[in-house]
Amino acid sequence: MVMYQDAKTQAQEDPKRFWAEQAAQISWYRPPQQILQENSDGTHQWFADGTLNSCHLAVDIHIEQGRGDQLALIYDSPVSETKATFTYLELRDAVARFAGVLSQMGVVKGDRVVIYMPMVPEAAIAMLACARIGAIHSVVFGGFAPHELAVRIDDAKPKILLTASCGIEVTKVIPYKPLVDQALEEATHQPDQVVVLQRPQMSAELKSGRDLDWYQVQEGVEPADCVAVGALDPLYILYTSGTTGQPKGIVRESGGHAVAMHYALREIYNMQAGDVWWGISDIGWVVGHSFIVYAPLMGGCTTIFYEGKPVKTPDAGALWRVIQEYQVQGIFCAPTAFRAIRCEDPEGDLFNQYDVSSLKHIFVAGEKLDSPTYHWLHELAQKPVYDHWWQTEIGWPVTAPMTAWGETSIRQGSTNRAVPGYDVQVLGADGQVLEANEMGAIAIRLPLPPGVAQTLWQNHERYLNAYLGAFQGWYFSGDGGYLDDEGFVYIMGRTDDVINVAGHRLSTGEMEEIVATHSAVAECAVIGVNDDLKGQVPVGLVLLKAGAQYEHETVEAELIALVREKIGPVACFQRAIVVERLPKTRSGKILRAVLRKVANGETYTVPSTIDDESILPEIEDNMRREGLVR
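Here's what the structure looks like:
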């Protein structure tokens, strides 16, 4: 606690000194002298005069330090029954060679390259190859619909597009090349070339004059060296969904990102060079950028690159098998993965077949960690389970335990305290800081620490309006919640997840927490449905555990009684319907906003991030049968 309080105080009172010390921990070509510059519009610049290269920090520096033979990347793909490993030397050679390919195609510093690929090592190689020559990569989640890919192509205007012949799901092979072709037919901007990785599960037809084979194009190419880039030069653009339907291109600056990645990996996750780390996600999301590729490699770790699911590849023991096989020491995962595992293996029979003693701790983020999942996971694994919170725009944890300092406190329902460097507060509607335990808007006082996006690609005004416009001097997260007396942060959901029931403002997140404690419930969502009398009333959608022997009417009655007991009759929680599935994004977040629109009879757009579009008509039919759709 002494280390935490000292660091927190220094970061708030003298951020220049604090972050200068962190910047000194990484290798610069030209160390920065201008640590922090604040702009009149509320944005700011970190390390403006420094130069570096993110690929050098992720790969080459470890070879220079004599660790070239250490494993850098382990590829494990149960869906393709393929495994592969890369030492830092092997990864450097593969990256340098593909960087040479990009250079030969005319890609230069500042050009954009769109990467539309599955979780294969070549995708990481492509990202690092772009960074090596100063090109800006924009990874689009493999399998996104052609329209969504076309929108991103027109916004980023890539010189080159990199793809694969197919992606592989649990039960099917998804051809990527037809999706790319449709996207390019729709897009106004056309890349010069499309490079296609041909996978053995499905070959793609190449268009003469435009499309090139991934490995054939590398023949005879000279490897490329690292190019020095400025700290403010973009490393990547990552698109996240926007409320207008137009995706927002989050821009990550090279210098601040590198400093933040090193700081987070060491101090939050307590991972050292040589440790084995597993970020369980996909490179199409920010977790994949930050904690599958850049942070673990910049920290000299061995990173796991996994092409599979937590269940059905082949079973709910998949995660435990990987941890045992590679002696994984730290993992990062979304709570939804553990809920899926718990649903299929509630007693831990599959877990007990594996040895996970190498694991130091389990980090979860991306969605609220409900109490039943926390207790189940903690008791099963006998490891610390840490919830923490951050966002795509921010790029690394805002609230988390500093495990390297022994600061490992847990408050159930909290995402822990603010990481030193972030001043997290709860604001009222008038922008005033609220007292402890008062519910309001979660905001971060400016200036933001390094690594946080300072603009959107080619739309700075939208950035200012979306993030800095709500409260002057603050970054507004869009999440609501409260801080307790000891500074622990409780994220209760998006601010639009607070409903008004007969004049009472109530959190649907709090109700979900209660509903999830029922012994039969595997997952749930509580949404606000319009009501003529009360304005809004909460309705629960629940997914039961496999093998749960409960009548639906019994479950509903018990859940109503449970919420009434914990919150009181003021909650007006009087409906809970059982569903077979819940609509989610591919990263595992339940699409509550869409569920609200379905229930309220409003028109909605199927989000580009949805995992399975067929769920929504199924849910809508279920709601109609229950008389819920207005």
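What the sequence shown shows, in full-length UniProt numbering, is residues 1 to 630, in sequence order.
C-beta: ideal position from N, C-alpha, C; glycine also.
As the structure is a prediction and not an experimental result, all values here were calculated from the model.
Residues bridged to residue i (per DSSP)
i    : result
Y306 : D76
P175 : C166
H44  : E38
P234 : E253
I491 : G481
Y402 : It is worth fixing the name first, because residue 402 is Met in this sequence and not Tyr. According to DSSP, M402 bridges with E407.
A84  : Y75
E278 : The residue you asked about is not Glu; residue 278 is Trp in the sequence shown. I331, per the DSSP bridge assignment.
F476 : A443
I160 : V113, Q193
A418 : T399
Y239 : G249
L52  : V229
R30  : T51
Per-residue burial, residue i [other beta carbons within 10 Å of its own, 16 or more giving buried]
i           : result
G406        : exposed
S608        : buried
L533        : exposed
T243        : Unreliable positioning characterises T243 in this predicted model, as indicated by a pLDDT of 48, which lies under 50. The coordinate reading is nonetheless provided below. Exposed.
residue 632 : Outside the displayed span of the chain (1 to 630) sits residue 632, for which this structure offers no information.
P78         : buried
E367        : buried
T605        : exposed
K83         : exposed
S614        : exposed
N53         : buried
M1          : exposed
N270        : buried
A11         : buried
Q22         : buried
L416        : In the sequence under discussion, the amino acid at residue 416 is Asn, which differs from the Leu named in the question. Buried, by the Cβ-count rule.
E580        : exposed
P447        : buried
K109        : exposed
S203        : exposed
S208        : exposed
E64         : exposed
S40         : exposed
residue 666 : The chain is shown from 1 up to 630; residue 666 falls before or after that span and cannot be answered.
E81         : exposed
A7          : buried
E393        : buried
Where the beta strand (DSSP E) containing residue i begins and where it ends
i           : result
A441        : 440 to 445
S116        : Checking the sequence shown, residue 116 turns out to be Tyr, not Ser. From DSSP, the beta strand (DSSP E) with Y116 extends over 112 to 116.
Y386        : 385 to 387
L427        : 424 to 427
V196        : 193 to 197
residue 643 : This structure does not reach residue 643, given that the chain is present from 1 up to 630, and the question cannot be answered.
D213        : 211 to 213
Residue i, enclosing alpha helix (DSSP H) - first and last residue
i           : result
G100        : 88 to 104
D6          : 2 to 13
H378        : 371 to 381
I61         : 61 to 64
N622        : 615 to 625
L486        : According to the sequence as given, residue 486 is Glu; it is not Leu. No alpha helix (DSSP H) holds E486; DSSP gives it neither H nor E.
H460        : 460 to 463
residue 638 : Residue 638 is absent from the model: the chain starts at 1 and stops at 630.
R226        : According to the sequence shown, residue 226 is Cys rather than Arg. No alpha helix (DSSP H) holds C226; DSSP gives it neither H nor E.
I133        : 121 to 133
Runs of beta strand (DSSP E) lying entirely within the segment 286 to 369, each at least 3 residues, in chain order: Entirely contained in the segment 286 to 369, the beta strand (DSSP E) runs reaching 3 residues are, in chain order, 302 to 306, 330 to 333, 361 to 364.
In chain order, each beta strand (DSSP E) run of at least 3 residues that lies wholly inside the UniProt domain "AMP-binding enzyme C-terminal" (510 to 589): Taking only runs of at least 3 residues, the beta strand (DSSP E) segments lying wholly in the UniProt domain "AMP-binding enzyme C-terminal" (510 to 589) are 521 to 531, 535 to 544, 575 to 578.
At least 3 beta-carbon pairs within less than 8 Å: the segment 113 to 124 vs the segment 205 to 212: Here the segment 113 to 124 does not lie against the segment 205 to 212, with fewer than 3 beta-carbon pairs under 8 Å apart.
Inter-stretch contact at 8 Å, needing at least 3 Cβ pairs: the segment 345 to 354 / the segment 319 to 330: With the cut-off at 8 Å, the segment 345 to 354 and the segment 319 to 330 touch.
The segment 257 to 267 / the segment 170 to 179 touching (three or more Cβ pairs under 8 Å): Look at the beta carbons and you see the segment 257 to 267 not touching the segment 170 to 179: under three pairs across the two are nearer than 8 Å.
Contact the segment 434 to 442 vs the segment 478 to 491: 3+ CB pairs below 8 Å: For the pair of segments examined, the segment 434 to 442 was found to touch the segment 478 to 491: the number of CB pairs separated by less than 8 Å reaches three.
Meets three-Cβ-pair contact criterion under 8 Å: the segment 357 to 364 and the segment 214 to 226: In short, these stretches do not touch, since the Cβ pair count stays below three.
Three or more C-beta pairs below 8 Å linking the segment 192 to 199 and the segment 160 to 176: Enough Cβ pairs lie closer than 8 Å, so yes.
Any 3 or more C-beta pairs closer than 8 Å across the segment 513 to 525 and the segment 539 to 553: Yes, they touch.
Three-pair Cβ contact test at 8 Å for the segment 137 to 149 versus the segment 277 to 287: Touching, per the Cβ criterion.
Stretch pair the segment 327 to 336 + the segment 272 to 282: three plus CB contacts closer than 8 Å: Output reads yes: the segment 272 to 282 touches the segment 327 to 336.
At least 3 beta-carbon pairs within less than 8 Å: the segment 421 to 433 vs the segment 292 to 299: Between the segment 421 to 433 and the segment 292 to 299 there are fewer than three inter-stretch CB-CB distances shorter than 8 Å, so the stretches are not counted as touching.
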